[in-house]
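Asker:
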Amino acid sequence: MWGPTPEAVHRGLTSLRQLISTHLQDGTAVLPATRIADGPRFAWRGLSFDVVRTFHGPDEVRRVIDMLSLYKLNVLHLHLTDDQGWRFEVPSRPALTKAGAAGALGDRPGGFYPQAEVAELVAYAAERFVTVVPEIDMPGHTSAVFKAYPELAPAELRTIDFGNGTSIPLNALEPGRAETWTFVEDVLDAVVAQFPQSAYVHIGGDEAWGMSDEDHAAFVEKASALVRARGKRVVGWQEIARSAISSDDVVQYWISIDIDSMEPGNGPVPPEDLLPILVEHFQKAKTDAPKALAAGARLISSPTTWVYFDRPHGDSSSDPAQEEARKRLGLEFYGPATLRDGISWDPVGNTPGVTSADQLAGVEAAIWCETILSSDDLELLLLPRLPGLAEKAWAQQTSTEWTEYAGRLGRQSRAWQRRTWTWLRSVEVDWV
Ligand code: ACM
645 MWGPTPEAVH RGLTSLRQLI STHLQDGTAV LPATRIADGP RFAWRGLSFD VVRTFHGPDE
705 VRRVIDMLSL YKLNVLHLHL TDDQGWRFEV PSRPALTKAG AAGALGDRPG GFYPQAEVAE
765 LVAYAAERFV TVVPEIDMPG HTSAVFKAYP ELAPAELRTI DFGNGTSIPL NALEPGRAET
825 WTFVEDVLDA VVAQFPQSAY VHIGGDEAWG MSDEDHAAFV EKASALVRAR GKRVVGWQEI
885 ARSAISSDDV VQYWISIDID SMEPGNGPVP PEDLLPILVE HFQKAKTDAP KALAAGARLI
945 SSPTTWVYFD RPHGDSSSDP AQEEARKRLG LEFYGPATLR DGISWDPVGN TPGVTSADQL
1005 AGVEAAIWCE TILSSDDLEL LLLPRLPGLA EKAWAQQTST EWTEYAGRLG RQSRAWQRRT
1065 WTWLRSVEVD WV
């Protein structure tokens, strides 16, 4: 085994582990003589993991890191803050974890990662050549901040009611106020100290509902400058491309839903006052990726259509209990996706404005946890989808043939079984 870096040797050994586990028979693996000269198509191969809507403790996070490592994915993007909770310590802002971390979505239990736990997770990931990239979602998605520090909230709080006990807030951190920036600096100091191995800080930037374009851009530009001043590079969801970004920034494309082709009457109808906000957001989204490219920035491709793993499974399971779980897992709004859908795309071909692989930093899937109640639920949506992401992140070819891929996928289940990972027993795949 030879590789130019310790990471390369680690990846080679991972290939060997995969070969052994797919050739095991009665405790012995006889491997064919094979020569593998390999390297990834993309440098950034990630999973964005929402630990806010449902809090996942460190044991579960380690299981996810193990999954990433087995499939040679190298970024765990932790979505650490959102409306429903705040999940890491900011020593100068204790209320974030006292009040802000107390809950999750609905009446689910809250939680946060104390500094020592963050250090352990970061080290555990690093040993497996996975970088933990922290996301602080701002200026929207900040209800947990306002719960902890009401003085940072807009004078008049606004929400849109769904009528079923849930609502979405239209409140954001305000760029014109000095106290906003003292807060952001406190948070960034804590993030940079606790995630020293990450060259990036993800500043969110998505769905700042209710905020003017000017305020959003002003916020993103100042927050980005504060990240850069700390020696880190900026990553943000695609909406940050509506501000003056730098060519060093990385922009995460996600909105692949085409609002013009959405049929009325399909899926749940949003409240009347939300609809125009959504339509405007999706219309503007069409030019985000091309704008980022024009600014010389690279993109991470995370299209909702193919790599949002919180889409309901379109494949049925051979296991009746999983069929029950499948009915409640995933956001109905997105519609179901099959495993075959998950490999039926090309990161270059399916990212607007992108014509060559070097315009992409890489690819990243996302798992949002609104419908996820347990580690079993989480794993049932991650597997068997994650290897499909790895296929797109690693393989050089731009298309994947389903039958051949399904054959390879089916041989992975033994490794999952041994690790006690839950996966959807899709009837479309012959599991070994
Ligand atoms: C997102 O899904 N709001 C990035």
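The letter at position 73 of the sequence shown is residue 717 when you use the numbering used here, and the numbering goes up by one with no holes.
Just so it is clear, CB atoms sit at the ideal spot from N, CA and C, and this is done for glycine as well.
Take every Cβ of the segment 710–719, pair it with every Cβ of the segment 668–680, and state whether three or more of those distances are shorter than 8 Å.
Answerer: At 8 Å Cβ cutoff, the stretches do not touch.
Asker: For Gln1056, does the count of other Cβ atoms within 10 angstroms reach 16, so buried, or fall short, so exposed?
Answerer: With 16 or more Cβ atoms within 10 Å of its Cβ, Gln1056 is classed as buried.
Asker: What is the DSSP secondary structure of Glu1014, counted as helix, strand or coil?
Answerer: Of the three classes helix, strand and coil, the one that applies to Glu1014 here is coil, per DSSP.
Asker: What does the alpha-carbon distance come out to for the pair Val1007 and Thr999?
Answerer: Whole-angstrom Cα-Cα distance: 15 Å.
Asker: Within 7 Å: the Cβ of Trp688 and any heavy atom of the ligand ACM?
Answerer: Trp688 Cβ: outside cutoff for every heavy atom of the ligand ACM.
Asker: In this structure, does DSSP put Leu722 in helix, strand or coil?
Answerer: The answer is strand: DSSP assigns Leu722 an E or B state.
Asker: Nearest-angstrom Cα distance between Val1088 and Val696?
Answerer: Outside the displayed range of the chain (645 to 1076) lies residue 1088, so it cannot be described from this structure.
Asker: May I ask which residues mark the beginning and end of the alpha helix (DSSP H) holding Ser1057?
Answerer: Residues Ser1057 to Arg1062.
Asker: Which of the three DSSP states, helix, strand or coil, is assigned to Arg877?
Answerer: Correct three-state label for Arg877: strand.
Asker: Report the residue from Pro648, Phe686, Leu668 and Gln662 whose alpha carbon sits nearest the alpha carbon of Leu943.
Answerer: Answer by Cα proximity: Phe686.
Asker: Figure out for me which residue from Gly754, Gln728 and Pro996 has the closest Cα to the Cα of Ile901.
Answerer: Ranking Gly754, Gln728 and Pro996 by Cα distance to Ile901 puts Pro996 first.
Asker: Measure the Cβ-Cβ separation of Gln896 and Ser946 and say whether it is below 8 Å.
Answerer: Against a cut-off of 8 Å, the Cβ pair of Ser946 and Gln896 comes out as a contact.
Asker: Going by DSSP, what residue range makes up the alpha helix (DSSP H) through Thr826?
Answerer: Where Thr826 is concerned, the enclosing alpha helix (DSSP H) stretches over Ala822 to Gln838.
Asker: What first and last residue would you give for the beta strand (DSSP E) that runs through Val895?
Answerer: Run containing Val895: Val894 to Tyr897, per the beta strand (DSSP E) assignment.
Asker: Rounded to the nearest angstrom, what separates Glu1048 and Trp825 at their Cα positions?
Answerer: Looking at the two C-alpha atoms, the distance is approximately 53 Å.
Asker: List in chain order: all unbroken beta strand (DSSP E) runs of 3+ residues lying wholly within the segment 701–747.
Answerer: Within the segment 701–747, the complete beta strand (DSSP E) runs of at least 3 residues are 719–723.
Asker: Please state the DSSP three-state secondary structure of Gly940.
Answerer: If DSSP states are grouped into helix, strand and coil, Gly940 belongs with coil.
Asker: So, Glu851 versus Ser887, is the Cβ gap smaller than 8 Å?
Answerer: No. Outside cutoff.
Asker: So His846 packs on His721, CB below 8 Å; how close in whole Å?
Answerer: Between His721 and His846 the Cβ distance is about 6 Å, and since that is below 8 Å, they are a contact.
Asker: Can you have a look at Ala867 and say buried or exposed, based on whether 16 or more other CB atoms are within 10 angstroms of its CB?
Answerer: Result: buried.
Asker: Do Leu765 and Pro702 have their C-beta atoms closer together than 8 Å?
Answerer: Going by C-beta atoms, Leu765 is nearer than 8 Å to Pro702.
Asker: Along the chain, where does the beta strand (DSSP E) that runs through Trp688 open and close?
Answerer: It spans Trp688 to Asp694 - the beta strand (DSSP E) in which Trp688 sits, taken as one unbroken run.
Asker: Taking only runs of the alpha helix (DSSP H) that begin and end inside the segment 943–1003, which ones reach a length of at least 4 residues, in chain order?
Answerer: Here the runs fully enclosed are 948–951, 964–972 and 983–987.
Asker: State buried or exposed for Val789, treating a residue as buried only when at least 16 other CB atoms are found within 10 Å of its CB.
Answerer: Val789 should be labelled buried.
Asker: Determine contact between the segment 852–859 and the segment 868–875, defined as no fewer than three beta-carbon pairs at a distance below 8 Å.
Answerer: Flag = no, the segment 852–859 and the segment 868–875 do not touch.
Asker: Who are the near neighbours of Gly986 in its chain, counting only those whose CB is closer than 8 Å to its CB and skipping five residues on each side?
Answerer: Once the five neighbours on either side are set aside, the close Cβ partners of Gly986 are Trp950, Val951, Arg1029, Gly1032 and Leu1033.
Asker: Counting pairs of Cβ atoms below 8 Å between the segment 962–974 and the segment 740–755, do you hit three or more?
Answerer: As far as the Cβ criterion goes, the segment 962–974 does not touch the segment 740–755, which means the pair count is below three.
Asker: So for Ile847, helix, strand or coil by DSSP?
Answerer: The answer is strand: DSSP assigns Ile847 an E or B state.
Asker: Quick check: is any heavy atom of the ligand ACM less than 7 Å from the C-beta of Asp902?
Answerer: Outside the cutoff, so no.
Asker: Can you say whether Phe732 is buried or exposed, counting buried as having 16 or more other CB atoms within 10 angstroms of its CB?
Answerer: Flag for Phe732 reads buried.
Asker: Less than 7 Å between the CB of Glu976 and some heavy atom of the ligand ACM, yes or no?
Answerer: Not under cutoff, so the answer is no.
Asker: Would you kindly report the start and end of the unbroken alpha helix (DSSP H) that includes Ile664?
Answerer: Pro650 to His667 is the span of the alpha helix (DSSP H), which, as asked, contains Ile664.
Asker: My understanding is that Gly694 touches Trp898, with C-beta atoms under 8 Å, so please give their C-beta distance in whole angstroms.
Answerer: Before going on, a small fix: residue 694 reads as Asp here, not Gly. Asp694 to Trp898, Cβ: 13 Å. No contact.
Asker: Should Asp917 go down as buried or exposed, given a rule of 16 or more other Cβ atoms within 10 Å for buried?
Answerer: So Asp917 counts as exposed.
Asker: What are the boundary residues of the alpha helix (DSSP H) that Asp1020 is part of?
Answerer: Segment Ser1019 to Leu1026, the alpha helix (DSSP H) holding Asp1020.
Asker: How would you label Ser1043, buried or exposed, when you count the other beta carbons within 10 angstroms and need 16 or more for buried?
Answerer: Classification for Ser1043: exposed.
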